[in-house]
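One structure is given below, encoded as structure tokens.
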Amino acid sequence: MIIKAISLTLLFYTLSWGEIYYFAHQERVYLNKLKEQRFIDDDIIEYYENQDGQRMGVKREVLLKCGVNKSCQQIFKKYNLKNIKNITSSIFLITVKKDDDVFELSQKLYLEDNITISHPNFIKKYQLR
Amino acid sequence: MIDIFLKITLAVLLFSLTACNMDTNSSYYEPYNDNSPHYVIKDEPYFKYAWHFAYNKKFAQNYNINKNAHIDIEEAWEITRGAGVVVAVIDSGSFEITHEDLQRNIIDTYNASYNNKNVSIKYDDPKIDGHGLVVAGLVASPANGKGLIGAAPEAKLVLIQVGSSDEATLKAFKYAKNSGAKIISCSWGTRNISPIIESYLQELKDRGITIVFASGNDGYNLDYRRGKDISELPSVIGVGASNELNRQATYTNYGKNIDILAPGGNTNRSRGVLALFENNSYDYTAGTSIATPITAGVIALMLSVNLSLTPDQIREILIQSSDEIGRYSINKINATNAVKLARDY
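Chains G and V are the protein sequences, given in the same order.
Under my numbering, read the first sequence as residues 181 to 309, first letter to last.
Under my numbering, read the second sequence as residues 50 to 394, first letter to last.
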């Protein structure tokens with residue numbers, strides 16, 4: 181009876197995190213959406229927290245890194261990505277179209293062969309030490 | 050008549066230009082015209098309070114400071130003062146670039162959030178305002194007969210104000226790299242590291258740039274915390290704090306991935322570390338934020354005598370040349386030993 185209750189609680193807890201996630205080191209990092217929203221320069225920043233309770237804002241942008249000596253241009257074409265900014269020679273910032281979901285796009289891009297890292301452009305609070 | 054009119058116009062123009070340059074509240078970086086005389090360390094009026102650098106018997110006795118609490122840097126300064134090395138300081142707190150004891154060594158500034166040169170933005174929060182100034186001064190406050198001195202008083206500084214987005218963080222580190230900095234000093238941190246930032250820090254290390262991060266002031270053994278702190282990454286040198294008793298400070302975070310200790314002072318004000326404060330002032334402060342730029346300055350001294358050192362070699366030398374002080378097997382930096390070992394490496 182106790183085991184069943186624990187299992188149900190764990191199941192409920194897992195489901196409550198939903199499918200909002202990004203990839204880090206080939207693992208899914210699940211996030212929980214918070215009610216908080218902020219507006220910066222006509223852009224809505226939505227806030228999430230991870231399973232360690234760490235808060236982060238999400239802009240409608242994806243940061244991705246292409247593998248060494250790989251080109252990501254075909255992938256940009258495949259997903260019809262137009263608003264692309266070079267941050268470094270292999271790191272790109274993509275502005276996500278209004279109808280697209282920033283997490284869904286970053287997940288799809290991560291699964292492409294030539295892309296090694298892909299996640300939303302997070303806003304995080306750094307701690308002065 | 051026209052001649053007199055022209056002369057007056059020119060005089061007014063020259064006066065306006067001079068007045069602009071004298072505006073000490075200017076928040077934009079302007080190159081400093083360095084034709085000042087060469088000062089020596091004994092000309093620095095507050096050097097006697099710098100227990101983190103050298104032993105001063107009278108001051109140490111008055112404030113119960115251990116005679117070995119310093120990092121043994123005076124002999125290192127006889128070998129080098131960091132000339133020819135550029136250190137980037139990335140900080141989210143504001144810098145006061147016109148401070149009398151900093152301006153001379155600043156060669157560039159950059160605000161990664163706004164993509165401009167203004168790094169003196171105020172937040173009306175005493176915990177943030179001036180933080181960048183404090184740390185930059187501990188790296189490379191010059192020997193100029195004013196205030197105090199940084200660990201590498203002849204190194205040059207690139208001051209970068211970081212933003213909170215991953216994009217702004219990447220831009221801050223990229224700017225540091227492009228500015229020619231061989232060392233990046235970061236007195237801030239997070240346990241919530243985005244993969245793209247972690248990857249870029251590794252890329253910078255692979256390009257020969259040494260990045261130092263403060264371990265934090267919670268007193269935690271990081272080995273038992275969930276997740277990873279940015280100061281524990283293999284691509285960076287993690288710095289904890291020692292105190293005026295020559296012990297590991299009680300507030301410092303530590304663990305097997307924290308590489309070295311440097312003086313961070315005591316939270317009891319008069320036993321903190323003397324640093325630059327806003328409006329051309331000086332005050333005591335404490336934290337791993339303080340230990341980190343001191344370490345960055347010592348690394349600048351090391352690179353000044355041997356520019357070919359890699360970040361891994363620098364870590365190895367810092368540890369090998371350090372002094373044993375604590376019970377947690379993290380040693381304290383010894384600047385003279387480190388510079389000598391770097392020179393002969």
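All C-beta atoms, glycine included, are put in the ideal place defined by N, C-alpha and C.
When you compare each of the options to residue i by their alpha carbons, which one comes out closest?
i: residue 207 (chain V); options: V:242, V:96, V:387 and V:182; result: V:182
i: residue 104 (chain V); options: V:112, V:118, V:236 and V:93; result: V:118
i: residue 365 (chain V); options: V:292, V:330 and V:285; result: V:285
i: residue 385 (chain V); options: V:357, V:143, V:269 and V:344; result: V:344
i: residue 382 (chain V); options: V:393, V:333 and V:369; result: V:369
i: residue 228 (chain G); options: G:210, G:214 and G:284; result: G:214
i: residue 337 (chain V); options: V:348, V:322 and V:326; result: V:322
i: residue 220 (chain V); options: V:177, V:161 and V:151; result: V:161
i: residue 209 (chain G); options: V:158, V:242 and V:151; result: V:242
i: residue 309 (chain G); options: V:196, V:141 and V:171; result: V:141
i: residue 259 (chain V); options: V:340, V:352, V:176 and V:192; result: V:352
i: residue 196 (chain V); options: V:120, V:173 and V:331; result: V:331
i: residue 325 (chain G); options: G:288, G:301 and G:219; result: Because residue 325 (chain G) is not part of the residues shown, which for chain G are 181 to 309, the question remains open.
i: residue 339 (chain V); options: V:191, V:305 and V:293; result: V:293
i: residue 201 (chain G); options: G:225, G:219, G:238 and G:218; result: G:238
Alpha carbon to alpha carbon, how far is residue i from residue j?
i: residue 316 (chain G); j: residue 245 (chain G); result: The structure shown does not extend to residue 316 (chain G), since chain G is modelled only from 181 to 309, so the question has no answer here.
i: residue 350 (chain V); j: residue 186 (chain V); result: 15 Å
i: residue 286 (chain G); j: residue 247 (chain G); result: 16 Å
i: residue 304 (chain G); j: residue 216 (chain G); result: 14 Å
i: residue 269 (chain G); j: residue 256 (chain V); result: 14 Å
i: residue 238 (chain V); j: residue 232 (chain G); result: 16 Å
i: residue 143 (chain V); j: residue 249 (chain G); result: 38 Å
i: residue 151 (chain V); j: residue 265 (chain V); result: 25 Å
i: residue 252 (chain G); j: residue 294 (chain G); result: 6 Å
i: residue 292 (chain G); j: residue 258 (chain G); result: 11 Å
i: residue 276 (chain G); j: residue 199 (chain G); result: 19 Å
i: residue 273 (chain V); j: residue 283 (chain V); result: 17 Å
i: residue 306 (chain G); j: residue 213 (chain V); result: 7 Å
i: residue 94 (chain V); j: residue 278 (chain G); result: 60 Å
i: residue 375 (chain V); j: residue 325 (chain V); result: 29 Å
i: residue 172 (chain V); j: residue 389 (chain V); result: 42 Å
i: residue 260 (chain G); j: residue 282 (chain G); result: 14 Å
i: residue 256 (chain G); j: residue 262 (chain G); result: 7 Å
i: residue 191 (chain V); j: residue 153 (chain V); result: 7 Å
Suppose the cutoff is 7 Å on Cβ atoms and the five residues either side in sequence are ignored; what does the same chain contact list for residue i look like?
i: residue 379 (chain V); result: 289, 297, 303, 307, 309 and 310
i: residue 225 (chain V); result: 137, 139, 207, 209 and 233
i: residue 73 (chain V); result: Any reading at residue 73 (chain V) must be qualified, since the residue scores a pLDDT of 40, below 50, and its modelled position is unreliable; no value is offered.
i: residue 215 (chain V); result: 243, 245 and 246
i: residue 97 (chain V); result: 105 and 108
Taking 7 Å as the line, does the beta carbon of residue i fall inside it for any heavy atom of the ligand GTP?
i: residue 257 (chain V); result: In the structure on display, the ligand GTP does not appear, and there are no ligands present to speak of.
Ignore the nearest five residues each way along the sequence and tell me which others in residue i's own chain have a CB closer than 8 Å to its CB.
i: residue 394 (chain V); result: 355, 358, 362 and 366
i: residue 267 (chain V); result: 300 and 302
Excluding the 5 residues preceding and the 5 following residue i in the sequence, name in chain order all residues of the same chain whose CB lies nearer than 6 Å to its CB.
i: residue 290 (chain G); result: 203 and 298
i: residue 222 (chain G); result: none
i: residue 70 (chain V); result: Any reading at residue 70 (chain V) needs caution, since the residue's pLDDT is 40, under 50, leaving its predicted position unreliable; the model's value is listed next. So the list is empty, once near-sequence residues are dropped.
i: residue 261 (chain V); result: 234, 286, 288, 341, 344 and 345
Contact criterion: CB-CB distance below 8 Å. Does residue i meet it with respect to chain C?
i: residue 364 (chain V); result: Here chain C cannot be found, since the structure's protein chains are G and V.
Let me check one thing: in DSSP terms, what residues is residue i bridge-paired to?
i: residue 367 (chain V); result: Paired residue(s): none; residue 367 (chain V) is not in a bridge.
i: residue 160 (chain V); result: V:165 and V:210
i: residue 300 (chain G); result: G:242
Exercise. Within the chosen definition, does the stretch 186-205 of chain V reach the stretch 123-138 of chain V through at least 3 CB pairs nearer than 8 Å?
Worked result: yes
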